[in-house]
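*Asks:* First residue of the sequence shown? That's 643 in our numbering, and the numbers climb one at a time after it.
Where a beta carbon is used, it is the ideal one built from N, C-alpha and C, also for glycine.
Got a structure for you, questions after.
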Amino acid sequence: MRCALVIPSWAPEDIFSSKTASSQINYWQPLGTLYVAAVLQHAGHNVRFLNGAFTTHEELLTEIKRFSPEFIGIYSTTFGWDKAKKTAGDLRKIFGKHVFICAGGPYPIAVQEHCLEDAGKDIDAIVTGEGEFTAIEIIERIQAGKSLEGVLGVIFRDGERIIKNPPRPLISDLDSLPFPAREFLGDANLYIPPPATYKRKPVAVLITSRGCNRRCIYCFQIDKERKTGIRYRSVKNVLKEIEHCIKQGYKEIKFIDDTLAADYDRAMQIAGEIKSRRLDFTWFASACVNQVDKPLLKAFKDAGCWAILFGAESGVQKNLNTIRKGITLEQTRNAVRWAKEVGLQVSTPFLFGIPGETFEDGLKTIEFAIEINPDIANFHAITPFPGTYLYDNLEKYGVISTKLTDFTYQGAAFIPYTMTRDEILKLRQIAFKKFYSRPSFIIRKLFELRSLHDLRIAARSAKSLFWLWVKSKIFTYSS
Ligand code: B12
643 MRCALVIPSW APEDIFSSKT ASSQINYWQP LGTLYVAAVL QHAGHNVRFL NGAFTTHEEL
703 LTEIKRFSPE FIGIYSTTFG WDKAKKTAGD LRKIFGKHVF ICAGGPYPIA VQEHCLEDAG
763 KDIDAIVTGE GEFTAIEIIE RIQAGKSLEG VLGVIFRDGE RIIKNPPRPL ISDLDSLPFP
823 AREFLGDANL YIPPPATYKR KPVAVLITSR GCNRRCIYCF QIDKERKTGI RYRSVKNVLK
883 EIEHCIKQGY KEIKFIDDTL AADYDRAMQI AGEIKSRRLD FTWFASACVN QVDKPLLKAF
943 KDAGCWAILF GAESGVQKNL NTIRKGITLE QTRNAVRWAK EVGLQVSTPF LFGIPGETFE
1003 DGLKTIEFAI EINPDIANFH AITPFPGTYL YDNLEKYGVI STKLTDFTYQ GAAFIPYTMT
1063 RDEILKLRQI AFKKFYSRPS FIIRKLFELR SLHDLRIAAR SAKSLFWLWV KSKIFTYSS
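As structure tokens, this is what we get:
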């Protein structure tokens, strides 16, 4: 069957201010959709992948019209739902009933049948979990002219009725899956992470496990109750994919596991194998501060890892407890120090707007960021995505925006009872300005410049810093 997998059209300006977008925009590979593409391709279907991150809505429609698919799968985050609905609506106008349209990804998984109610007859079904085997089964039923009754992991429209089938169990044997179909990406160099977060390109994104056993209240996971914890791929299977990526010409890999160090020995093994096989690529990973120690970080460094992201989140212990992060400030201090001592670059995201947080707490978080002094500090507005504990218990904590496009890490969609929206936006501004305009930080970064690539990044960051400074001037006078 001809299958089109679509990420609706979106632009950096939809998320970031045009002045700072260039230093913040992220184009990691959409791994989830590429897994679905790989499984459909392996089943013999004629698959086309279209990524609206790099094409306009009109161009997308034209290309899909030319391909004339029988099955269309649309990916959607919360932020992207309005665009997903519009894309489905315009495709329905083009193809009428001659195409089966379904939606998948974080938003449909989180809000389930609400997507069908909201999109009307433009969407025939939504996939409520991992899409690989569900998509296969949907297509088999369509080809057989049968209803979707009983297909696990699907909610579908049957005339005026909406039928909710039971969820599909999460895939236990991840080694059984084909590697994500990165060959569908076209020019791999389009998929670049935020400027200061990669060393070489093209950059592949790779996930060695699925799920997380931590219970951070703001984090969206397919397995909402974390019943299945973490499902790991074998080290052998992970190394096979790494070698496959290197053969495809990738020079850097971003591991997008929520934490690569959940299983300490396995993490040591992966690093050991990469080193012993002398694989020529650089890599970047994330880990939780209380899962690492200096020997593990040294092993990462020796195996080509150049940077690590630690979810620091806050500089105030009570706020870390509120978000159920399960870490202490001391653990963050130690992990950042060890990582720097072994020569890794350190990136730490922080959150403002945590329930119970005050403006003064926010200022303490900025001081903490300056104290631990990572190479990259990001200051986000906490965003309770549908499907998260915080979203399901909102009234306890604060108020939320009804505009789905606010559901980005920048949009301040959530305001705790203890702060105002202006205070959150002001904290983000003060944080970026105070952290990145320290002479010691600027001199350190100038001495680290090693290539034209580094120079370009520094220039972009300087431009963003300048606009932040301008905006803070405007902010001061307007508030
Ligand atoms: C890679 C990534 C990106 C990439 C690519 C996204 C894309 N697809 O275009 C980039 C960098 C562009 C990106 C951007 C953003 N992202 Co992002 N991203 C991720 C990340 C880190 C990994 C996704 C992934 O591949 N996971 C691994 C695969 C195996 O799992 P999966 O994606 O869930 O895929 C499975 C199912 O969802 C389903 N499925 C996936 N695609 C499809 C498609 C179809 C047709 C079907 C039927 C099923 C299906 O089957 C897949 C395989 O089982 C996730 C965090 C995470 N760990 O998942 C955040 C995440 C998806 N992003 C998130 C957000 C908020 C954003 C931004 C708004 C961030 C911002 N700047 O503010 C933008 C919005 C972009 C947009 N257009 O919507 C949130 C979404 C939360 C929500 N409920 O909306 C997540 C969950 C992070 C988080 N925990 O908060 N992101």
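Within 10 angstroms of the Cβ of Glu867, are there 16 or more other Cβ atoms? Answer buried if so, exposed if not.
*Replies:* Within the sequence shown, residue 867 is the residue found at index 225, counting from 1. The residue in question, Glu867, is exposed, as its Cβ has fewer than 16 Cβ neighbours within 10 Å.
*Asks:* Quick check: the region 943-953 against the region 926-935, are at least 3 beta-carbon pairs closer than 8 Å?
*Replies:* yes
*Asks:* What do you reckon, is the C-beta of Glu867 under 7 Å from a heavy atom of the ligand B12?
*Replies:* Residue mapping note: residue 867 aligns to position 225 of the sequence shown, counting from 1. No, the ligand B12 has no heavy atom inside 7 Å of this Cβ.
*Asks:* So does Glu894 have its beta carbon nearer than 7 Å to some heavy atom of the ligand B12?
*Replies:* As a position in the sequence shown, residue 894 is number 252, starting the count at 1. Not under cutoff, so the answer is no.
*Asks:* Measuring CA to CA, which of Arg783, Arg824, Phe942 is closest to Lys889?
*Replies:* For this step, residue 889 is matched to residue 247 along the sequence shown. The candidate whose alpha carbon is nearest that of Lys889 is Arg824.
*Asks:* Need the endpoints of the alpha helix (DSSP H) that Ser1082 sits in, please.
*Replies:* Locating residue 1082 in the sequence shown gives position 440, counting from the first residue. Bounds of the alpha helix (DSSP H) holding Ser1082 are 1081-1090.
*Asks:* Looking at the secondary structure, which residues open and close the beta strand (DSSP E) in which Asp800 lies?
*Replies:* Taking the first residue of the sequence shown as 1, we reach residue 800 at position 158. That run of the beta strand (DSSP E) goes 796-800.
*Asks:* Taking all protein chains shown into account, decide if Glu883 is buried (16 or more other Cβ within 10 angstroms of its Cβ) or exposed.
*Replies:* As a position in the sequence shown, residue 883 is number 241, starting the count at 1. That one is buried.
*Asks:* Which same chain residues end up closer than 6 Å to Thr859 when comparing Cβ atoms and leaving out the 5 residues on each side of it in sequence?
*Replies:* The sequence position of residue 859 within the sequence shown is 217, counting from 1. Just to set this straight, residue 859 is Ile in the shown sequence, not Thr. Only Ile965, Arg966, Tyr1031, Leu1032 meet the Cβ criterion.
*Asks:* Quick one: grab the DSSP three-state call for Arg979.
*Replies:* Within the sequence shown, the letter at position 337 stands for residue 979. In this structure, Arg979 counts as helix in the three-state DSSP scheme.
*Asks:* Please tell me whether, using a cut-off of 7 Å, the distance from the CB of Pro809 to the nearest non-hydrogen atom of the ligand B12 is below it.
*Replies:* Position 167 of the sequence shown, counted from the first residue, corresponds to residue 809. Checking the Cβ of Pro809 against the ligand B12 gives no.
*Asks:* Using 8 Å for Cβ pairs, my map puts Ile778 next to Cys744. What's the rounded Cβ distance?
*Replies:* Your numbering for residue 778 matches position 136 in the sequence shown. Your numbering for residue 744 matches position 102 in the sequence shown. Not confirmed; about 12 Å, so no contact.
*Asks:* At the level of alpha carbons, what is the spacing between Ile1072 and Leu1005?
*Replies:* As a working mapping, residue 1072 is identified with position 430 in the sequence shown. As a working mapping, residue 1005 is identified with position 363 in the sequence shown. So the two alpha carbons sit approximately 9 Å from each other.
*Asks:* Taking contact to mean at least 3 C-beta pairs separated by less than 8 Å, is the region 706-724 in contact with the region 790-805?
*Replies:* no
*Asks:* Compute every distance between the C-beta of Asp900 and the non-hydrogen atoms of the ligand B12, then say whether any falls below 7 Å.
*Replies:* Taking the first residue of the sequence shown as position 1, residue 900 is located at position 258. For the ligand B12, at least one heavy atom lies less than 7 Å from the Cβ of Asp900.
*Asks:* Fully enclosed by the region 697-770, which beta strand (DSSP E) runs are 3 residues long or longer?
*Replies:* 713-717, 742-746, 767-769
*Asks:* Once the 5 residues before and after Arg690 are set aside, which same chain residues still bring their CB inside 6 Å of it?
*Replies:* Against the sequence shown, residue 690 aligns to sequence position 48. Once the five neighbours on either side are set aside, the close Cβ partners of Arg690 are Ala646, Phe709.
*Asks:* In three-state terms, what does DSSP make of Pro654?
*Replies:* The residue you call residue 654 lines up with position 12 of the sequence shown. Helix.
*Asks:* In terms of residue numbering, what span does the alpha helix (DSSP H) encompassing Ile630 cover?
*Replies:* Nothing can be reported for residue 630, as the shown portion of the chain is limited to 643 through 1121.
*Asks:* When DSSP builds the beta bridges, which residues end up paired with Cys645?
*Replies:* Working through the sequence shown from its first residue, we reach residue 645 at position 3. Paired residue(s): Val689, Phe713.
*Asks:* Taking its Cβ as the centre, do 16 or more other Cβ atoms sit within 10 Å of Glu585, making it buried, or is it exposed?
*Replies:* The first residue shown for the chain is 643 and the last is 1121, placing residue 585 beyond what the model contains.
*Asks:* Cys887 bridges to which residues according to DSSP?
*Replies:* By one-based count along the sequence shown, residue 887 stands at place 245. Answer is none; Cys887 lacks a bridge partner.
*Asks:* So what does Glu894 bridge to, in DSSP terms?
*Replies:* The sequence position of residue 894 within the sequence shown is 252, counting from 1. Answer is Val845, Thr924.
*Asks:* Below 8 Å between beta carbons: does that hold for Ala1019 and Phe1077?
*Replies:* Numbered from 1 along the sequence shown, position 377 holds the residue referred to as residue 1019. Numbered from 1 along the sequence shown, position 435 holds the residue referred to as residue 1077. Contact: yes.
*Asks:* If you check the beta carbons only, do Leu703 and Ile736 fall under 8 Å apart?
*Replies:* Position 61 of the sequence shown holds residue 703. Position 94 of the sequence shown holds residue 736. Contact: yes.
*Asks:* Heavy atom of the ligand B12 less than 7 Å from the Cβ of Gln1052, yes or no?
*Replies:* As a position in the sequence shown, residue 1052 is number 410, starting the count at 1. At least one heavy atom of the ligand B12 is nearer than 7 Å to the Cβ of Gln1052, so yes.
*Asks:* Is it the case that the Cβ atoms of Pro1028 and Thr720 are separated by a distance below 8 Å?
*Replies:* Position 386 of the sequence shown, counted from the first residue, corresponds to residue 1028. Position 78 of the sequence shown, counted from the first residue, corresponds to residue 720. The Cβ atoms of Pro1028 and Thr720 sit closer than 8 Å to each other.
*Asks:* Spatial neighbours of Pro809 within its chain, please: C-beta separation below 8 Å, excluding the five flanking residues on both sides.
*Replies:* The residue you call residue 809 lines up with position 167 of the sequence shown. Same-chain partners within the cutoff: Thr770, Gly771, Leu794, Gly795.
*Asks:* Please state the DSSP three-state secondary structure of Gln613.
*Replies:* Residue coverage of the chain in this structure runs from 643 to 1121, which leaves residue 613 outside it and unanswerable.
*Asks:* Just to confirm before moving on: does the CB-CB distance between Asn961 and Ile996 stay below 8 Å?
*Replies:* Residue mapping note: residue 961 aligns to position 319 of the sequence shown, counting from 1. Residue mapping note: residue 996 aligns to position 354 of the sequence shown, counting from 1. Yes.
*Asks:* Under 7 Å Cβ to Cβ from Glu755, same chain only, skipping five residues before and after it: list those, please.
*Replies:* Along the sequence shown, read from residue 1 onward, the residue named residue 755 stands at position 113. Ile797, Ile804, Lys806.
*Asks:* Could you give the C-beta distance for Thr593 and Asp899, rounded to a whole number, given that I count them as a contact under 8 Å?
*Replies:* Because the chain spans 643 through 1121 in this model, residue 593 falls outside it and cannot be assessed.
*Asks:* Looking at the strands, I want to know which residues DSSP matches up with Cys947.
*Replies:* Counting from one through the sequence shown, the residue named residue 947 turns up at place 305. Answer is Trp925, bridged to Cys947.
*Asks:* Could you tell me the distance, in whole angstroms, from the CA atom of Ser1120 to the CA atom of His1095?
*Replies:* By 1-based counting over the sequence shown, the position of residue 1120 is 478. By 1-based counting over the sequence shown, the position of residue 1095 is 453. Confidence at Ser1120 is low in this model, with a pLDDT of 47, below 50, so its placement is unreliable and no value can be given for it.
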